[in-house]
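Report on one structure; see the data block that follows.
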Amino acid sequence: MKYICKYSYLVFAFMVMVLSLSHVAFAQEVTLRLHQFLPAQSVIPKNVIAPWAKKIEEESNGAIKIELYPSMQLGGSPPQLFDQAKDGVADIIWTVLGYTPGRFPKSEVFETPFMITNATDSSMAFQSFVEKYAWDEFDDVKLIAVHTHGPGIFHSKQAITKLEDLKGMKIRGGSRVINGMLKNLGAEPIGMPVPAIPEALSRGVIDGATIPWEVSVALKTSELVKNHTGFSGEHGLYSQTFALVMNKKTYENLSPKLQAIIDANSGIEVAEKFGSAMDAADIVGKKFATDLGNEIIMLDEAETERWKKAAKITIDEWIKNTPDGQMLYDAATEMVEQYSNKM
Numbered sequence: 002m003k004y005i006c007k008y009s010y011l012v013f014a015f016m017v018m019v020l021s022l023s024h025v026a027f028a029q030e031v032t033l034r035l036h037q038f039l040p041a042q043s044v045i046p047k048n049v050i051a052p053w054a055k056k057i058e059e060e061s062n063g064a065i066k067i068e069l070y071p072s073m074q075l076g077g078s079p080p081q082l083f084d085q086a087k088d089g090v091a092d093i094i095w096t097v098l099g100y101t102p103g104r105f106p107k108s109e110v111f112e113t114p115f116m117i118t119n120a121t122d123s124s125m126a127f128q129s130f131v132e133k134y135a136w137d138e139f140d141d142v143k144l145i146a147v148h149t150h151g152p153g154i155f156h157s158k159q160a161i162t163k164l165e166d167l168k169g170m171k172i173r174g175g176s177r178v179i180n181g182m183l184k185n186l187g188a189e190p191i192g193m194p195v196p197a198i199p200e201a202l203s204r205g206v207i208d209g210a211t212i213p214w215e216v217s218v219a220l221k222t223s224e225l226v227k228n229h230t231g232f233s234g235e236h237g238l239y240s241q242t243f244a245l246v247m248n249k250k251t252y253e254n255l256s257p258k259l260q261a262i263i264d265a266n267s268g269i270e271v272a273e274k275f276g277s278a279m280d281a282a283d284i285v286g287k288k289f290a291t292d293l294g295n296e297i298i299m300l301d302e303a304e305t306e307r308w309k310k311a312a313k314i315t316i317d318e319w320i321k322n323t324p325d326g327q328m329l330y331d332a333a334t335e336m337v338e339q340y341s342n343k344m
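Each residue of the sequence shown is one higher than the one before, starting from 2 at the first, in my numbering.
Listed below in structure tokens is the structure:
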């Protein structure tokens, strides 16, 4: 009986040790700093990034903790965000790819005129495109997901009812491609990150801005301008491209189990969540402007066609100046159509 009790005690002690070791193996504790450029209550930080971070924490049983730093609280400017992730200033960042012109030449195709449809489908198409054709543009980081916003529109002090109205207007653009398009359409493009728009409008630095409805509420754009111009048809005039990325060394230093949690919360499903949040917020932003009594201008099919013809030079320039440009443009167009038709 004495030996049986001793044996039982040894078995129990062994089981406790195994369970303890397995817990230790999983519970590598690490705190990650996530840095981005918008206020915490903006749509994407509040409805996508914060829930994503919470999901990581829960699935890791608290082994991964993610601290959120909105509005550039870790310092620097929005164009520096990608390098902050690459260099380890921050562990994870969310940024606009167009803030660093020419750095993502293949990904830029999703910013070309009349490429994207809604944000959900276009974000999934963009993620698939990057995985197949532009993965090398993210070699310096661990890519979590990319996405687009919904159909781009104009928010302006003066009404834009036809192509000629844009001539000479100072319009904020958010990327090299969009600025080029604005110039080709007759406007004077003024490049600046999103957070700078309200002051630029208030001070008369710009006459209008290219941003989606989604961010217009946070920026109070509809209180600063009274006109909003969109286009007929399924495709929007422009879109910005975004990425959520992680410092490569930070990811590689995680245990395999914690890496697996990051991997499970990366890719096309995350891209879809970003896009879906953008689409939902577009509805809210448009309603907010409508309730203020602002003018919502939707150009008819004939006028939209005029803009498409005028914008084609931007597409042709992008194709000409990008290696394999025609192939990449055709591939992006095909992917957008496939996802928009519910693959």
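For each residue, glycine too, the CB sits at the ideal point set by N, CA and C.
Item to complete: Using a threshold of 9 Å, state whether the C-beta atoms of residue 195 and residue 181 are closer than that.
Response: No Cβ-Cβ contact shorter than 9 Å links residue 195 with residue 181.
Fill in: Sequence-distant residues of its chain with Cβ nearer than 7 Å to residue 17 (five each side left out)
Here residue 17 scores only 45 on pLDDT, less than 50, and its place in the model is too uncertain to base an answer on.
Item to complete: Under 6 Å Cβ to Cβ from residue 122, same chain only, skipping five residues before and after it: list those, please.
Response: Within the same chain, residue 122 has close Cβ partners 340 and 341.
Worksheet item: Alpha carbon to alpha carbon, what distance is there between residue 63 and residue 26?
Response: Below a pLDDT of 50, predicted positions are generally treated as unreliable, and residue 26, at 47, falls in that range; the measurement from the model is reported next regardless. Looking at the two C-alpha atoms, the distance is approximately 13 Å.
Worksheet item: Where do the ends of the beta strand (DSSP E) carrying residue 138 lie?
Response: Premise fails: residue 138 is in no beta strand (DSSP E) and is neither H nor E.
Practice prompt. Put residue 70 into one of helix, strand or coil per three-state DSSP.
Written response: Note: residue 70 maps to strand in three-state DSSP.
Item to complete: Report the three-state DSSP secondary structure of residue 44 (helix, strand or coil).
Response: The answer is helix: DSSP assigns residue 44 an H, G or I state.
Fill in: Check whether residue 206 and residue 99 have beta carbons under 9 Å apart
Not a contact, by the Cβ cut-off of 9 Å.
Worksheet item: Per DSSP, what kind of secondary structure is residue 30 in: helix, strand or coil?
Response: It is coil, neither helix nor strand.
Discussion item. Using only CA atoms, which one of 204, 303 and 243 lies nearest to residue 225?
Written reply: Of 204, 303 and 243, the smallest CA-CA separation from residue 225 is found for 204.
Discussion item. Under DSSP, the alpha helix (DSSP H) around residue 82 begins and ends at which residues?
Written reply: First-last of the alpha helix (DSSP H) with residue 82: 82-88.
Worksheet item: What did DSSP end up calling residue 177 once you bin it into helix, strand or coil?
Response: The three-state secondary structure of residue 177, taken from DSSP, is helix.
Worksheet item: Hey, quick one: how far does the alpha helix (DSSP H) through residue 190 stretch, first residue to last?
Response: No alpha helix (DSSP H) holds residue 190; the beta strand (DSSP E) holding it covers 189-192.
Practice prompt. State the start and end residues of the unbroken beta strand (DSSP E) segment that holds residue 231.
Written response: 228-232 is the span of the beta strand (DSSP E), which, as asked, contains residue 231.
Worksheet item: Whose CA, out of 78, 136, 162 and 35, lies closest to the CA of residue 65?
Response: Ranked by Cα distance from residue 65, the options 78, 136, 162 and 35 are led by 35.
Worksheet item: Quick one: Cα of residue 293 to Cα of residue 89, how far?
Response: About 44 Å.
Item to complete: Name the one or two DSSP bridge partners that residue 142 has.
Response: DSSP output for residue 142 lists 248 as bridge partner(s).
Worksheet item: In three-state DSSP terms, what is residue 97?
Response: In the structure shown, the three-state DSSP call for residue 97 is strand.
Worksheet item: Taking Cβ positions, are residue 119 and residue 276 nearer each other than 9 Å?
Response: Contact flag set, yes.
Worksheet item: Which value, in whole angstroms, describes the spacing of the CA atoms of residue 163 and residue 304?
Response: About 7 Å.
Discussion item. If the criterion is Cβ atoms closer than 9 Å, does the pair residue 222 and residue 191 meet it?
Written reply: No, Cβ-Cβ distance for residue 222 and residue 191 is not below 9 Å.
Fill in: residue 130, enclosing beta strand (DSSP E) - first and last residue
Note, residue 130: premise wrong, no beta strand (DSSP E); alpha helix (DSSP H) at 120-130.
Discussion item. Are the CB atoms of residue 52 and residue 219 within a distance shorter than 9 Å?
Written reply: In this structure, residue 52 does not lie closer than 9 Å to residue 219 by Cβ.
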